[in-house]
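See structure below.
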Amino acid sequence: MKLSDINNADVVIVGAGNAAICAALAAKDAGANPVVVETAPESERGGNTFFVAGSTRWVFNNLDDIREVLDLSADEQKNVDFGTYSREDFLEDMGRVTQYRCDPNLAEALVDNARPTLVWMRTKGIKFEPMYKGQSQKVNGRVTFFGGQICNFWGGGPELSASLFKALDKAGIPVFYETTAQSLVYEHGKACGVVVEQGGEQYTIRAKAVVLACGGFQSNAEMRARYLGPGYELAKVRGTQYNNGAGIQMALAIGAVPHGHWSGSHAVGWDRNATPYGDRAVGDGFQKHSYIFSIMVNANGERFVDEGADFRNFTYAKYGHVVQQQPGMFAWQIFDQKVEHLLRDEYRIKQVTKVTANTLEELAGKLEGVDPKRFLETVKEYNAAVQKDVPFEPVVKDGRGTTGLKVPKTNWANTIDNPPYQAYAVTCGVTFTFGGVKIDPTCSVQNVAGHGIPGLFAAGEMVGGIFYFNYPSGSGLVSGAVFGRLAGTSAARYAKQA
Ligand SMILES: Cc1cc2nc3c(=O)[nH]c(=O)nc-3n(C[C@H](O)[C@H](O)[C@H](O)COP(=O)(O)OP(=O)(O)OC[C@H]3O[C@@H](n4cnc5c(N)ncnc54)[C@H](O)[C@@H]3O)c2cc1C
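When you line the sequence shown up against my numbering, it's residues 885 to 1382, in that order.
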């Protein structure tokens, strides 16, 4: 099929990441014939979704709930402590980490639809697995999960993407690659198509309904500087280079209301020498997420954040900003031999900015850009402040903190005195932006007058109002899936009546 063959499609979907593909599959389920346009070439398809580790979050109160999503062996059912994660827990995590700003209707829609949506994805061939790495530890001989998160999309981003595209193929939904949506067709107060560019030609795809699911604005340096703040144009981007805010701008141009935390984004500690955008071979390997067992120092040789304030799940997505605010926009994570065995896999990749030393003095000389004298004083002050009488327990918030420091460490504080020492240099890696368009729980895009724009639906990163300041780990994919599915269903229903 060529673009010029499309004659008033039921639903046109912009983007081919997780949210968009869930929208396309749901629209098809609801009886529509969707078409998908994607700006990337086929060889770079998948958007940010391709880069994910794949962790995901949903409500489970017992083993029956878990088995709806995960195939567990008899041994796992008997011997693994998965814990529980209630509706209230998920809602509270959303509220707490967003400083109670998340849109309550969207938060409820996310929490209540998360598990049913993942179950629906299974029917489309998407597979899940228990997330032992990074989310569980042996406690008294029993594998025990912590942080309310037990599940991964099987095979991470590459396999998730492959399965989503396979599902599109199976459903007979066409995808037009290297086809960039530029603007919406807006007539008589309704969205009724998209203007796209392909091969240097412009085409108008008329459609009864449009779903925008084409990402945030994190890959657009100018928008990062304008909205996230000065210096953000220099930040690394963890994933795709194609999420340039085009969908948000198209929607705003026809009166959609900007919504959410426009100066906020999901941003992590990311290798200081990582590529400017994600590297498909490295995936999320540039992240450095064992900082809870480290001390982090800046160019002045000083600590600047409570590394152990909470589980990684609830701090990693905001600590990229804290690193961004430091002089020179970098930090070093320092570990000693005692915690080396707790470091996540990403610390062992080839593409890593790492130094090692047998003494703290030697280490001080190797931390590029750091004041060595002040660094040594910082370690001394920190070591003296560690509450050594409180036992160290990596899987619970152990309360083994520091006393009397200007910047405390609340949990998992260990002295740094057991060589050899290791240090890793990080900068800010932006994952996705939080500001976007306003939707209601049917994913209808709201206009400045407070009404839905007929024919226009949105999902995924480009929706504002869900995340503010921070993010509970594993919420991006499930949010894209939940709202993608709702958007596709709503668009198909709308198209039927149009
Ligand atoms: C390194 C990394 C690790 C992550 N790990 C996790 C994780 O473990 N768990 C989790 O839940 N989340 C994770 N995330 C977040 C997750 O990737 C996103 O929340 C989610 O994939 C976003 O889905 P989406 O469909 O909105 O966007 P995308 O998957 O980015 O899809 C948007 C698509 O739109 C296309 N597009 C953009 N502009 C246009 C245009 N004008 N015309 C046509 N097409 C366009 C893009 O090319 C892209 O394919 C991670 C992200 C990164 C970068």
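Ideal placement from N, C-alpha and C gives every residue a C-beta, glycine not left out.
- Where do the ends of the beta strand (DSSP E) carrying proline 1114 lie? Note, proline 1114: premise wrong, no beta strand (DSSP E); not H, not E.
- Message: Are there any heavy atoms of ligand 1 lying less than 7 Å away from the beta-carbon of aspartate 1168, as far as the coordinates show?
- Response: yes
- When you compare each of Glu1186, Tyr1203, Gly1129 and Tyr1352 to tyrosine 1266 by their alpha carbons, which one comes out closest? Glu1186
- Message: When you compare the segment 1159-1179 with the segment 969-981, are there three or more beta-carbon pairs, one atom per stretch, that lie closer than 8 Å?
- Response: no
- Message: For glutamine 1208 and alanine 1105, I'd like the C-alpha separation in whole angstroms.
- Response: 15 Å
- Query: By the 10 Å Cβ neighbour count, where 16 or more other Cβ atoms means buried, how is tyrosine 1460 classified, buried or exposed?
  - Reply: Residue coverage of the chain in this structure runs from 885 to 1382, which leaves residue 1460 outside it and unanswerable.
- Query: Around the C-beta of histidine 1150, are 16 or more other C-beta atoms found within 10 angstroms, so that it is buried, or is it exposed?
  - Reply: buried
- If you follow the alpha helix (DSSP H) that isoleucine 950 is part of, which residue opens it and which one closes it? It spans 947-953 - the alpha helix (DSSP H) in which isoleucine 950 sits, taken as one unbroken run.
- Task: For tyrosine 1070, write down the residues that DSSP places opposite it in a beta bridge.
- Result: Ala1075
- According to DSSP, which residues form a beta bridge with histidine 1150? In DSSP, histidine 1150 forms a bridge with Phe1316.
- Message: So, with DSSP's three-state summary, where would you put methionine 1015?
- Response: coil
- Message: DSSP three-state label for aspartate 1163, please.
- Response: coil
- For leucine 1052, does the three-state DSSP call read helix, strand or coil? helix
- Return the Cβ separation of serine 1359 and phenylalanine 1341 in integer angstroms, given the expectation that the two are a contact with Cβ distance under 8 Å. Contact between serine 1359 and phenylalanine 1341 is absent: CB atoms are separated by about 20 Å, not below the 8 Å threshold.
- Query: Within the chosen definition, does the segment 1314-1330 reach the segment 1220-1232 through at least 3 CB pairs nearer than 8 Å?
  - Reply: no
- Message: For a minimum of 3 consecutive residues, which ranges assigned as the beta strand (DSSP E) are wholly contained in the segment 1219-1262?
- Response: 1238-1241
- Message: Which residues does DSSP list as the beta-bridge partners of lysine 1120?
- Response: Gly1313
- Item | Within 8 Å, strictly: CB atoms of valine 921 and valine 1078 | yes
- Distance between beta carbons of glycine 1073 and alanine 1376, contact taken as under 8 Å: About 21 Å separates the Cβ atoms of alanine 1376 and glycine 1073, ruling out a contact at the 8 Å cut-off.
- Message: With distance defined between alpha-carbon atoms, name the residue in Ala1309, Gly1349 and Thr1064 nearest to alanine 900.
- Response: Thr1064
- Query: Can we count valine 1362 as close to ligand 2, meaning its CB is less than 7 Å from some heavy atom?
  - Reply: Questions concerning ligand 2 fall outside what the structure shown contains, since the ligands it does hold are ligand 1.
- Task: Kindly list the residues whose CB is nearer than 8 Å to the CB of leucine 947, restricted to its own chain and excluding five residues on each side of it in sequence; keep chain order.
- Result: Leu956, Gln961 and Phe966
- Item | Bridge partners - valine 830, DSSP secondary structure assignment | Given that the chain is displayed from residue 885 to residue 1382, the structure contains no residue 830 and the question cannot be resolved.
- Item | Simplified DSSP state of lysine 1322, which is helix, strand or coil | coil
- Task: Report whether the distance from the Cβ of threonine 1311 to the nearest heavy atom of ligand 1 is below 7 Å.
- Result: Relative to ligand 1, the beta carbon of threonine 1311 is positioned no closer than 7 Å to any heavy atom.
- Message: Going by beta-carbon coordinates alone, are alanine 907 and alanine 1097 separated by less than 8 Å?
- Response: yes
- Query: Which residues share a DSSP beta bridge with asparagine 1036?
  - Reply: Ser939 and Glu1013
- Message: Which same chain residues end up closer than 8 Å to glycine 1083 when comparing Cβ atoms and leaving out the 5 residues on each side of it in sequence?
- Response: Glu1062
- Item | Start-to-end residues for the alpha helix (DSSP H) that takes in glutamine 1208 | Per DSSP, glutamine 1208 belongs to the alpha helix (DSSP H) from 1200-1208.
- Task: Sort out for me which residues DSSP pairs asparagine 836 with in a bridge.
- Result: The chain is shown from 885 up to 1382; residue 836 falls before or after that span and cannot be answered.
- Report the rounded CA-to-CA distance for aspartate 1194 versus threonine 1294, giving the unit in angstroms. Their Cα atoms are separated by approximately 8 Å.
- Which residue from Ile1138, Phe974, Asp1053 and Cys1312 puts its Cα closest to that of serine 1067? Ile1138
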